[in-house]
């Protein structure tokens, strides 16, 4: 099995870790232009928004109505599944119906397993999407030890199946997306490269090399995964490999597959998509939510719009000649342990209560700590905050065990009881202070500040890093790279303050700014704040604190740095879906959302089945009308379960593995 480190040709290609035009200045990657109907794609044009229908493709009128709703919500491209020839044929009726009603939105045929459907669709719509893992390949979860000759013969077989589609696309002026999915890599790719970003990239390049051989360049590339870390690494590596091989700089379609629903789905999408947008990568975006598709476009647009005038609003950041961060393999920044920060500890979450006077036990419910009067004890849920920053107004009562307090330095000096309270200094206060905590000191600094080892003077300290720069993530990253270069190994808390009251925007922006650092192994804690909190009512401020706390834990989970709750890998539905995904996801969530750290995949059909939920512990997959298959990892363990019994059977499977416990009610 090949890896980046033992493949000589690849190692030569990545020594510079090149994938972005700049890590400190917002510069969009230069790409060729791909014509897709009347809406061209590439770096000379705005980043485009797209989504996918969920109506059965054979339902012509239903598909037309849904496409219109999607276009009116902001979709610039619409993808429609074509699982067989009959659906591919019906794309013509859908297209004609849309044109008759004045809608010229480019349509994209989504193809899995069926080259003949792709060849027909390529004559009808503006673009076809193929998955190299199953277009001419197969996935039976078999590891095969290929000889070099055998491997080359497999490549020749793929070539023979792919060339007819390529020629049709070239003749009809049809664009193509070569869309690799992490979960559906073929057995052949898995056998050689493993379940890895490298395998994802090579899977696409096999097809792309054939395209270039035939001088066909109307190609868009994607590297999707339900794991944002894998997705980010794969896209970065893809860009590096295109440059290294001298291939054309093709536009990139960005997306996190099976992101889920609600806040978690938005956070997960933003961690992956936002991280790449920050680096100037991406030309079209699809946010895959288990919601109606017209709700996806506004989320994608909110992510994209942050970059429309980014360069104009950015305070210049000192440029970087090189970076110590490996962009294709995760590695956490090494830090010393300071109390429960850094070292081998999970990142901590700090709730900003500086605008909330903590006088009642009830106030702490908003951040996951519950006082139970009858047994006279405290309980904590799965997103119980680790630290409470109360600023100049310390709590009027002793906080529950496990919850520690941070107060401003001038206030801390006056406290009698300091065992569970720790000071927050400005850098000037820290340098001048005669008295400091023996266990833990917080120092708040701006990302533009250059700090030295001598200033810290071996004091047990955690830096709280913040910035007002519009290009926030790179500004924070630049500062942390300076710390690495100077050998400063104290833990760092990422603090971000936002003015928006829009919950969606807060989730997306925080997940981009903080998640982009965490996927690169930077950050030992999060602290989210809001400018407007001081102006709201007491109840509103507590509500905002609860939102910020939930988002903080969600970001850590999406970045795979701290698993605090059940994770649902659910596909966004399409015309192939065999049950009501939104209703089923809600039912499964209702009965399992207390299973901390367990990952459950909920897939509408076998295409999005065992492969696409590669990251899940358990899977719930539609295989026919009212029939469900249940998976443990990627192995089916129960076939053809009646849908009405399937959730109970899923829970029984979790119980068999000893991962089930009954939810504990908190009154």
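Numbering (full-length UniProt numbering), first residue to last: 1 to 667. No residue lacks a Cβ here, since even glycine has one placed at the ideal position from N, Cα and C. Treat the numbers as computed from the prediction; the structure is a model and nothing was measured.
- Message: Pop quiz: residue 257 and residue 181 are said to be a contact at Cβ under 8 Å. What is the actual Cβ separation, rounded to whole angstroms?
- Response: 6 Å
- Query: Which first and last residues belong to the alpha helix (DSSP H) in which residue 103 is found?
  - Reply: First-last for residue 103: undefined, no H or E at that position.
- At what residue ranges does the stretch 272 to 321 contain a whole run of the beta strand (DSSP E), taking only runs of 3 or more? The stretch 272 to 321 contains no complete beta strand (DSSP E) run of 3 or more residues.
- Query: Where does residue 499 sit, in a helix, a strand or coil, going by DSSP?
  - Reply: Coil.
- Sort out for me which residues DSSP pairs residue 527 with in a bridge. 350, 495
- Message: For the structure I just gave you, are there three or more beta carbon pairs, one from the stretch 501 to 517 and one from the stretch 325 to 342, closer than 8 Å?
- Response: no
- Report the partner residues of residue 77 according to the DSSP bridge assignment. 50
- Query: With a CB to CB cut of under 7 Å and the five nearest residues on each side skipped, what residues in its chain are close to residue 13?
  - Reply: Reliability of the predicted coordinates at residue 13 is poor, the pLDDT of 35 falling under 50, and no value is obtained from them.
- Task: Count the other C-beta atoms from every protein chain shown that fall within 10 angstroms of the C-beta of residue 6, then say buried if there are 16 or more, exposed otherwise.
- Result: Confidence at residue 6 is low in this model, with a pLDDT of 48, below 50, so its placement is unreliable and no value can be given for it.
- Exposed or buried, what is residue 426 when buried is set at 16 or more other beta-carbons lying within 10 Å of its beta-carbon? exposed
- Task: Can you have a look at residue 565 and say buried or exposed, based on whether 16 or more other CB atoms are within 10 angstroms of its CB?
- Result: buried
- Decide if residue 647 is buried, meaning its Cβ has at least 16 other Cβ atoms within 10 Å, or exposed. buried
- Query: When you compare only the Cα positions, how much space is there between residue 310 and residue 297?
  - Reply: 21 Å
- Message: What ranges does the alpha helix (DSSP H) occupy inside the stretch 380 to 463, keeping only unbroken runs of at least 4 residues that lie completely in it?
- Response: 409 to 412, 427 to 432, 453 to 456
- DSSP three-state assignment for residue 21, whether helix, strand or coil: coil
- Item | Exposure of residue 349, with buried meaning 16 or more beta-carbon neighbours within 10 Å | With a 10 Å radius around the Cβ and a threshold of 16 neighbouring Cβ atoms, residue 349 comes out buried.
- Query: Of the residues 109, 44, 133, 508, which one's Cα is nearest the Cα of residue 550?
  - Reply: 508
- Identify every residue that forms a DSSP beta bridge with residue 569. As computed with DSSP, residue 569 is found in a beta bridge with 601.
- Message: Mapping the DSSP letters down to three states, classify residue 151 as helix, strand or coil.
- Response: helix
- So, does the CB of residue 171 fall closer than 8 Å to a CB anywhere in chain C? Considering every chain present, this structure includes no chain C. It has just one protein chain.
- Task: May I ask which residues mark the beginning and end of the beta strand (DSSP E) holding residue 223?
- Result: 219 to 224
- Message: Assuming contact is defined by CB atoms lying nearer than 8 Å, are residue 422 and residue 445 in contact in what I supplied?
- Response: no
- Message: Classify residue 625: buried if its beta carbon has 16 or more other beta carbons within 10 angstroms, exposed otherwise.
- Response: The residue is exposed, with fewer than 16 neighbouring Cβ atoms inside 10 Å.
- Item | Local conformation of residue 504 per DSSP, three classes | In the structure shown, the three-state DSSP call for residue 504 is helix.
- Between which two residues does the alpha helix (DSSP H) carrying residue 547 extend? 538 to 558
- By Cβ distance, which residues of its chain are closer than 6 Å to residue 300, with the 5 residues on each side in sequence left out? 49, 285, 287
- Message: On the CB-based measure, 16 or more other CB atoms within 10 Å of its CB, does residue 492 come out buried or exposed?
- Response: Under this definition residue 492 is a buried residue.
- Query: So, do the stretch 389 to 399 and the stretch 347 to 363 have three or more beta carbon pairs nearer to each other than 8 Å?
  - Reply: Yes, the stretch 389 to 399 touches the stretch 347 to 363.
- Message: Applying the 10 Å Cβ sphere with the 16-neighbour rule, what's the burial state of residue 415?
- Response: exposed
- Query: Hey, residue 162 and residue 134 are a contact pair by Cβ (cut 8 Å); roughly how many whole angstroms apart?
  - Reply: Not really, about 13 Å apart at Cβ, beyond 8 Å.
- In angstroms, rounded to a whole number, what distance separates the CA positions of residue 8 and residue 553? Caution is warranted here: a pLDDT of 33 is assigned to residue 8, below 50, making its placement in the model unreliable, and no coordinate value can be reported.
- Have a look at residue 443 and residue 420 and give me their C-alpha separation to the nearest angstrom. 17 Å
- Message: With H, G and I counted as helix, E and B as strand and the rest as coil, what does DSSP make of residue 625?
- Response: Three-state DSSP puts residue 625 in coil, outside helix and strand.
- Determine the contact status of residue 312 and residue 473, defining contact as a CB-CB distance below 8 Å. No, the pair does not count as a contact, with Cβ atoms beyond the cut-off.
- By Cβ distance below 6 Å, which residues in the same chain neighbour residue 37 in space, the five residues on each side in sequence not counted? 106, 126
- Task: Would you mind giving the Cβ-Cβ distance between residue 172 and residue 122, rounded to the nearest angstrom? I have them listed as a contact below 8 Å.
- Result: 6 Å
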